[in-house]
Structures are given as C-alpha cells and as structure tokens.
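See below for the structure under consideration.
Protein chains: 2
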Amino acid sequence: MKTFSTNDIENMEQRYRTTFINSMSGFKSLNLVGTINEQEKINLAIFNSIFHVGANPALLGMVFRPDEVERHTLENILCSKQYTLNHVHPKMIRAAHQTSARYPKDVSEFEVCGLTPFFTKNIIAPYVQDSRVKIGMELKEKIKVNSNNTIIIIGQIVEVIVDEIAIEHDGFVNLEKLETCTVAGVDAYYTTKKVERLSYAKIDRPTLSI
Amino acid sequence: MKTFSTNDIENMEQRYRTTFINSMSGFKSLNLVGTINEQEKINLAIFNSIFHVGANPALLGMVFRPDEVERHTLENILCSKQYTLNHVHPKMIRAAHQTSARYPKDVSEFEVCGLTPFFTKNIIAPYVQDSRVKIGMELKEKIKVNSNNTIIIIGQIVEVIVDEIAIEHDGFVNLEKLETCTVAGVDAYYTTKKVERLSYAKIDRPTLSI
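Set out below in structure tokens:
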C-alpha cells in the first residue's frame with residue numbers, strides 16, 4: 049500500500065492529480081443531461097456527479113465546476129427550470145462521451161453526436177430517446193460550495209420513463225438488466241455484475257441475500 | 049416503456065418509493081465512513097452518497113438524511129473534524145452492509161461486524177484495514193439543503209492509502225483491479241467490468257479507446 053499526503057497530492061502534475069482524485073470516490077452515476085435554452089436550442093452533456101438527496105420529495109443533486117466548462121447546461125437549467133437525466137448503456141458510450149467536447153453554444157450535441165431527442169408534454173427539455181431510464185427534473189435549489197466555488201443544483205424528479213421489464217415487485221429498478229453503465233474517473237466506462245442484494249440490516253440477526 | 053408522473057411517485061407506498069427513487073440516479077459510490085467520538089469510541093457506517101466536488105483542492109461531498117439515522121457519523125465528523133472513506137470489495141460486502149443496522153452509540157460497528165480498524169498518525173478517525181482504497185478526510189463545510197433539510201458535508205482529501213498495483217501511469221486508479229464495489233438502490237452490490245476508457249473528447253476528431 050502506498051500513502052499520499054496532502055503535499056503529495058498538491059505537488060502532482062495537474063492532469064495527473066485530476067485523474068487520480070477523480071478516481072477516489074469510487075464508481076459514479078453516469079447520466080446525460082438534456083437542456084434547452086431561451087432560443088429553443090437543445091443541449092446535451094455527460095455528467096458523473098449526480099447524487100441521491102431524498103426519496104420524498106424525490107430529489108437529486110448535481111455538481112457544476114466553477115470554470116466555463118458545462119456552463120451551457122447550468123445556464124439552461126437556471127433559465128428554463130427543467131432538465132432531463134438519461135442513463136447510458138454500452139452502445140451509447142461513445143456518443144455520450146463525445147458530448148463532453150467543447151461544442152459552441154449553437155451546436156446541438158444530439159445532432160453532432162448522433163443521439164435522438166425525445167420530448168414529452170410535461171418537460172420542456174429533451175430526453176435521449178435511446179436511454180432506458182429517462183428522468184424529468186424540475187429545479188428546486190441552487191447552492192454555492194464556498195470551499196471551491198462549485199455550484200450544486202438540487203432538482204425534483206417529476207417524471208420517470210423506464211423500461212418496465214426492469215421494475216421489480218418492491219420498486220427496485222434492475223439497472224444491471226438495463227445495462228446502465230457506471231463511470232470511474234472522468235473517462236472509464238463499465239457495466240456491472242451483481243454480487244448480491246441484501247435484506248435490511250438488523251442488530252439481532254444476520255443479513256440475508258434477497 | 050412506462051411513464052411515472054409526480055403524482056404516481058407521491059402515491060407509491062413509502063418503502064416502494066424509497067427503493068424506486070434510490071435506483072434512479074444510477075450506480076453509486078460505495079464507502080464505509082469511519083469516525084471517532086469525544087470519548088474515543090470508534091464508529092463505522094456505510095454510505096452511498098459520496099460525490100466528487102473538485103480535484104484541487106481535492107474535495108468530496110456526502111449527504112446526511114435529516115432523520116436520526118446515521119447521526120452518529122455526522123455528530124462525530126462535526127466534533128472531530130476528521131473522517132475516513134474506505135472502499136468495499138466483495139469479501140467485505142456483508143460486513144459493510146451490516147454496519148447499517150441501528151447499533152447503539154457505544155457499540156463499535158468494527159467489532160460487531162468483524163472489521164479491523166487501522167490508524168495513521170495524521171487522522172484521528174479509524175480506517176478499515178481490509179479496504180484497498182483508504183481516504184483520510186478533513187471537514188471543510190456543512191451545507192443545509194433547504195428542499196428537504198438534508199445536510200451536505202464537504203471534506204478535503206488529506207491522505208490516500210491505496211494499493212500501488214492499481215495506480216496507472218497517468219494517475220488513474222484502476223478500481224476494477226481492486227474489485228471496488230458499486231451499489232444500486234440501498235442494498236444491491238455489484239462488481240464492474242470495463243467496457244472502455246476513452247480519450248479526451250475534441251470537437252474535430254473521433255474519440256479513441258485508451
């Protein structure tokens with residue numbers, strides 16, 4: 049085992065450190081975020097910073113870096129108050145990754161990356177047609193992280209479109225069956241293999257596979 | 049594909065909704081969080097809400113529910129200002145899951161769940177000896193989410209202890225090689241299989257496998 053101190057981390061070459069630290073939290077949620085601007089231009093960007101905030105109301109958070117990257121997405125969310133999250137399966141990985149290139153504001157990543165937008169009457173922002181889990185979001189809260197000037201956006205899930213075959217009897221959505229991918233660092237994409245699902249843990253009896 | 053509206057979600061039976069919504073964000077980072085209280089009692093709890101906030105300074109966030117659950121961890125972090133994150137590999141899953149049972153404050157989850165604490169001179173909180181990625185954290189910021197009264201804790205990575213075999217030439221930590229697990233919902237544990245790692249996306253050329 050090798051130990052790295054704060055100094056070791058600070059002294060890393062910048063790209064090395066970015067890659068190293070981005071690996072640290074573990075495997076991350078992977079979503080394409082669909083938005084629309086005032087001129088009704090649609091936008092799509094890949095994010096690995098979506099996190100669960102609560103089930104009732106159903107809230108998810110996402111992190112925006114303070115620099116110029118991904119700003120189209122943040123601007124559009126703040127303006128239209130709506131956005132979509134769309135899971136990525138293996139056949140979508142290259143197109144999804146390509147949305148991270150710095151396209152000008154008036155270019156639709158849907159078009160240049162070869163993904164088809166899909167609309168519902170409830171959400172103004174575009175979904176990704178191919179995604180097997182599509183989540184319509186409404187902006188609830190914008191939070192500034194003072195430690196590094198990142199922005200956290202909290203949104204409420206107001207629509208879910210999901211392939212029925214994946215919904216189990218207790219509400220569990222079997223993402224492995226849908227081949228939802230996960231990401232490590234900023235650029236490594238994975239499928240998953242279940243080890244086990246475990247029963248609610250109690251202090252007086254062992255947990256069981258369910 | 050099946051569509052669920054806000055109403056459909058609100059009308060779900062509570063446990064069904066919790067399971068359903070917890071599946072939505074995708075696969076999540078899985079970490080055991082080690083803390084210590086004023087009486088030097090050590091505590092360990094499983095979390096699936098760790099997220100990347102920035103690489104320089106190296107910051108990670110985590111979400112705490114507003115109710116009483118997991119409060120020992122939050123209290124200890126606010127008091128000692130330090131905590132550890134520890135990745136989980138398949139042989140640790142049952143012990144890791146068991147830490148989510150509601151043990152009284154004076155019980156060490158290390159002891160009852162069969163995990164061995166490990167200490168360094170830099171961090172007062174206990175690491176998990178068996179973990180192949182151990183991260184020492186210092187509290188930076190406590191943020192209230194007004195939408196549902198959850199608390200987000202932002203911490204800085206001040207120590208990393210990682211199996212050297214996993215660190216690649218560019219700083220990428222190969223979590224698949226370390227068998228770091230990911231979690232879906234609150235109780236389903238997975239290993240991963242790489243589909244591909246892709247080069248930095250540019251607008252004028254296709255991305256490549258690296």
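Protein sequences, first through last, are from chains Z and L.
According to the working numbering, the stretch in the first sequence is residues 49 to 258, in order.
According to the working numbering, the stretch in the second sequence is residues 49 to 258, in order.
Glycine included, C-beta positions come from ideal geometry on N, C-alpha and C.
Since the model is a prediction, treat every value here as computed from it, not as a measurement.
Euclidean distance between Cα positions of residue i and residue j
| i | j | result |
| --- | --- | --- |
| Z:Phe220 | Z:Asn55 | 43 Å |
| L:Lys139 | Z:Ser195 | 36 Å |
| Z:Lys225 | Z:Cys161 | 25 Å |
| L:Met60 | Z:Tyr64 | 46 Å |
| L:Leu256 | Z:Leu92 | 20 Å |
| Z:Ile141 | Z:Glu157 | 14 Å |
| L:Glu227 | Z:Lys241 | 11 Å |
| Z:Gly74 | L:Cys229 | 8 Å |
| L:Thr51 | L:Asp154 | 46 Å |
| Z:Asp252 | L:Thr147 | 12 Å |
| L:Asp218 | Z:Ile57 | 14 Å |
| Z:Glu123 | Z:Tyr237 | 27 Å |
| L:Pro254 | Z:Glu159 | 15 Å |
| Z:Val101 | Z:Ser53 | 31 Å |
| Z:Asn222 | L:Gln62 | 19 Å |
| L:Tyr131 | L:Gly233 | 24 Å |
| Z:Thr121 | Z:Val210 | 23 Å |
Counted within 10 angstroms of its Cβ, other Cβ atoms place residue i as buried (16 or more) or exposed
| i | result |
| --- | --- |
| Z:Leu133 | buried |
| Z:Ile215 | buried |
| L:Leu108 | buried |
| L:Asp235 | buried |
| L:Lys250 | exposed |
| Z:Met110 | buried |
| L:Ser97 | buried |
| L:Lys188 | buried |
| L:Ile200 | buried |
| Z:Tyr248 | exposed |
Beta-carbon proximity check, residue i vs residue j, cutoff 7 Å
| i | j | result |
| --- | --- | --- |
| Z:His137 | L:Leu246 | no |
| Z:Ala149 | Z:Leu163 | no |
| L:Val231 | Z:Thr239 | no |
| L:Phe99 | Z:Phe99 | yes |
| Z:Ala106 | Z:Ile205 | yes |
| Z:Cys127 | Z:Glu88 | no |
| L:Ser179 | Z:Lys76 | no |
| L:Ile125 | L:Thr83 | yes |
| Z:Pro165 | Z:Ile90 | yes |
| L:His135 | L:Val181 | yes |
| L:Val193 | Z:Ile202 | yes |
| Z:Met72 | L:Ile183 | yes |
| Z:Asn70 | Z:Phe95 | no |
Supposed close pair residue i, residue j - CB separation, criterion 8 Å
| i | j | result |
| --- | --- | --- |
| L:Arg113 | L:Thr198 | 6 Å |
| L:Lys129 | L:Glu186 | 6 Å |
| Z:Ile191 | L:Ile191 | 6 Å |
Heavy atom of the ligand SAM within 6 Å of residue i beta-carbon
| i | result |
| --- | --- |
| L:Ala143 | This structure lacks the ligand SAM; in fact it carries no ligand of any kind. |
Sufficient close CB pairs (3 or more, under 8 Å) joining the region 171-187 of chain L to the region 167-174 of chain Z: no
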